[in-house]
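The opening residue of the sequence shown carries number 104 in our numbering; numbering runs sequentially from there.
Even for Gly, the Cβ is constructed at its ideal location relative to N, Cα and C.
These figures come from a predicted structure and were not determined experimentally.
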Amino acid sequence: MDLHGSNQIEARNLLEEFINQSIESGKRLVLVVTGKGQKGEGVIKNNILSWLNNKDLRKKILAVNQASNKHGGSGALYILLRKF
């Protein structure tokens with residue numbers, strides 16, 4: 104999921120939809136690209152961890168890690184989803 108070009112509200116809604124759809128389709132690991140923002144201070148990048156820690160999403164997630172450089176580095180996250 105690439106959240107580039109989304110405002111904060113759109114990005115949060117897209118993220119929630121993406122997590123829910125990924126779980127429904129049986130995915131266990133997803134990549135979310137936030138971008139780095141100007142000087143590494145992107146609004147989405149700085150807020151995504153708190154969004155993922157929301158009680159509705161937190162129970163669906165096992166782990167969150169920074170992506171490798173080839174997948175976006177500090178501008179992207181790997182999200183490991185729980186089995187349901």
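- Within the same chain, and ignoring the five residues on either side of residue 187 in sequence, the residues whose Cβ sits closer than 7 Å to its Cβ are 126.
- For residue 132, the beta-bridge partners assigned by DSSP are 183.
- Closest option to residue 155, judged by alpha-carbon separation, among 176, 167 and 174: 167.
- Residue environment analysis places residue 175 among the buried positions, since at least 16 neighbouring C-beta atoms fall within 10 angstroms of its C-beta.
- A check of alpha carbon separations from residue 163 across 114, 131 and 115 identifies 131 as the nearest.
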